[in-house]
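In our numbering, the protein residues as written are 14 to 327.
Note that CB positions come from ideal geometry on N, CA and C, so glycine has one too.
Reviewing the structure listed below.
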Amino acid sequence: MLLILFTVILLRYNILFKVTVNGEVIGYVANKYEIEEEVNSYIESEEEGVAFRNLEVETEYEPKFVSNQSSNKEEVLEKIKENISTTYTAYGITIDDDIKTYVGTEEEADKIVADLQDEYKDKLALNIGVKQIFEKEKIDTVEETIAVSKLKTENIDVKVAQIEEEAKKAEEAKKAEKSRNQTTTTNNKVVVAVRPISGGKITSRFGERSSVRSSTHTGLDLAAPTGTTIKAAASGKVTFAGYKGSYGYMIKIECDNGFEMWYAHCSKLYVSAGVRVSAGDKIAAVGSTGNSTGSHLHFEIRKNGKALNPQNYM
């Protein structure tokens, strides 16, 4: 009797699985394992630009005896897929940590970075790298050749041009400064027609420090025997001739272009204040007067009261 009843049920009813998603019936299927397999296959399938997929809802399958109801497998699959989230990925090429463009694979990104670093190694320390990005929306990527062109024209070549322009400006500024310095030197240089003494070994240079003085050296010391003739190195007017503290006997001559020359530690003075002298005139004799440790000429060149290095003007 039961067998007859079961046979009648099978003839009048279909055995289908009722599919429920989050408590909502979305359809019926004949084989739940087939649906599960297709869903898992879709989730695990590899696709460029897709990092991973995840089924966000709980799906239940309940066997039912139904009449007047057929399987709607395709519709069920579509509704399940609507609840599968997709996370997309791409590889961003960064310059100074800012992403400038995207490519689809890590291999492409690494190749682009290596090629660009090699190409620009002599022009620019390129801070370029790769950063993998994950998004819920599909990321627009470009082909390798387009990515390289974009990076060059919009970023790298612009930076190279800026660096070259800055270098050019720096070089021009350097040349201009050099020109100004040359002009200043030419305009201000004291033309030393003759050396103040013949021979004369340099025993102390401008700017040096010594135990015999409290500050840096303001002139040039030229050693020579006492009595050696001192000549005017340039033409001008004698403004001082006499004894002046640590300088001993000295002469100051104001040159025609505003410079001043000092001759110190003299043993004898042959000119007096107010006299005009010409370059090469005998004006004094070498000595060791004042604060001196030996017979020598202390020679200074000054401008507006400031001591200058005589070796720059001789």
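Item: The beta strand (DSSP E) enclosing residue 162, as first and last residue numbers; Value: No beta strand (DSSP E) holds residue 162; the alpha helix (DSSP H) holding it covers 157 to 164.
Item: Top-ranked residue by Cα proximity to residue 248, from 238, 315, 274; Value: 274
Item: Endpoints, alpha helix (DSSP H) assigned at residue 5; Value: In the structure as shown, the chain begins at 14 and stops at 327. Residue 5 is therefore absent and cannot be evaluated.
Item: At least 3 beta-carbon pairs within less than 8 Å: the segment 79 to 89 vs the segment 130 to 139; Value: no
Item: Per-residue DSSP class, three states only, for residue 73; Value: strand
Item: is_contact[residue 248, chain C] using C-beta, thresh 8 Å; Value: Here there is only one protein chain, and chain C is not present.
Item: Residue 129 in three-state terms, based on DSSP; Value: helix
Item: Cβ-based burial, residue 104 [other Cβ within 10 Å; buried from 16]; Value: buried
Item: Range covered by the beta strand (DSSP E) that runs through residue 314; Value: 309 to 316
Item: Sub-8 Å separation of residue 308 and residue 254 beta-carbons; Value: no
Item: Inter-stretch contact (C-beta, 8 Å, three-pair minimum) for the segment 105 to 116 and the segment 61 to 71; Value: no
Item: Residue 212 to residue 242 span [Cα, whole Å]; Value: 11 Å
Item: Whole-angstrom distance between residue 175 and residue 310, CA atom to CA atom; Value: 55 Å
Item: Among 41, 261, 319, the one whose alpha carbon lies nearest that of residue 219; Value: 319
Item: Own chain, CB closer than 7 Å to residue 294, minus 5 neighbours either side, in chain order; Value: 244, 245
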